[in-house]
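See below for the structure under consideration.
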Amino acid sequence: MKKLEDLILTYKDFPKKGIDFKDVLEILQYPDIFKDLILKMSSTQFLKNADAIISIDARGFIFGSAVSLESSKPMIAARKPGKLPGNILTREYELEYGKNSLSIQSSALKKFNSFVIVDDLLATGGTVNCVSSLLQDQRKEILGLITVIELNKLKGRSKLDFPVKSIISL
376 MKKLEDLILT YKDFPKKGID FKDVLEILQY PDIFKDLILK MSSTQFLKNA
426 DAIISIDARG FIFGSAVSLE SSKPMIAARK PGKLPGNILT REYELEYGKN
476 SLSIQSSALK KFNSFVIVDD LLATGGTVNC VSSLLQDQRK EILGLITVIE
526 LNKLKGRSKL DFPVKSIISL
């Protein structure tokens with residue numbers, strides 16, 4: 376059986392020159408490995424204490440929905456521009472290779488006070504900080520971040536003021 380780390384593919388110079396894109400999608404082709412990964416991601420104490428999960432567009436949805444099912448926690452989606460109807464909360468953030476924004480439906484947050492953010496990768500922390508700011512503006516508590524991969528050299532963890540559980544550190 377392949378190891379989880381062997382399934383992380385690297386694409387050099389994607390989406391622009393100088394970026395080494397880490398692709399986690401091959402993990403989905405190995406259901407046993409994917410299941411073990413979700414069990415590890417779901418075993419975090421701060422997740423047990425959360426009211427709900429926020430997963431980040433788009434690969435974060437894959438892992439967030441599976442963690443939601445495993446942990447029996449509701450999941451809310453943080454989406455890229457133009458993807459959500461209704462009253463939305465939006466925040467812009469910077470990436471290593473440009474700018475983007477994320478939105479959350481304001482009605483989805485009303486029932487919950489504490490959240491765990493789930494995403495596929497922690498790099499510079501910009502995307503997670505964007506979601507964190509959106510939640511904090513609504514006086515919501517962030518109990519932690521669960522991610523498949525953390526790119527240590529980019530020091531995203533140092534920009535967060537809550538616990539981080541990364542299954543793989545590179």
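Residue numbers for the sequence shown follow our numbering, beginning at 376 and rising by one.
Every residue, glycine too, gets a C-beta built ideally from N, C-alpha and C.
Asked	Found
Close Cβ partners of Gly435 (< 7 Å) along its chain, the five nearest in sequence each way excluded	Val493, Asp494, Asp495
Range covered by the beta strand (DSSP E) that runs through Asp398	395 to 398
Under the three-state DSSP convention, the category Asp494 falls into	strand
Coarse secondary structure for Lys423, derived from DSSP in three states	helix
Selection from Met416, Ile408, Leu384, Leu382 that minimises the alpha carbon distance to Leu520	Met416
Any 3 or more C-beta pairs closer than 8 Å across the segment 400 to 407 and the segment 463 to 472	no
For Ile402, the three-state DSSP class (helix, strand or coil)	helix
Residues near Leu535 by beta carbon distance below 8 Å, same chain, minus five either side	Gly500, Val503, Asn504, Ser507, Leu520
Segment limits, alpha helix (DSSP H) that includes Ala441	434 to 446
Thr499, DSSP secondary structure in three states	coil
For Leu518, the three-state DSSP class (helix, strand or coil)	strand
Unbroken beta strand (DSSP E) run spanning Leu384, endpoints	384 to 387
Same chain, Cβ closer than 7 Å to Ser482, neighbours up to 5 away in sequence not counted	Gly461, Asn462
Cβ distance (whole Å) where Asp398 is taken to contact Leu412 below 8 Å	Not really, about 15 Å apart at Cβ, beyond 8 Å.
Residues that DSSP places opposite Val539 in a beta bridge	Leu520
Residue nearest to Arg514 in terms of C-alpha spacing, selected from Leu526, Thr522, Lys486	Lys486
Cβ neighbours of Thr419 in the same chain (closer than 7 Å, five flanking residues each side left out)	Gly519, Ile521, Lys540
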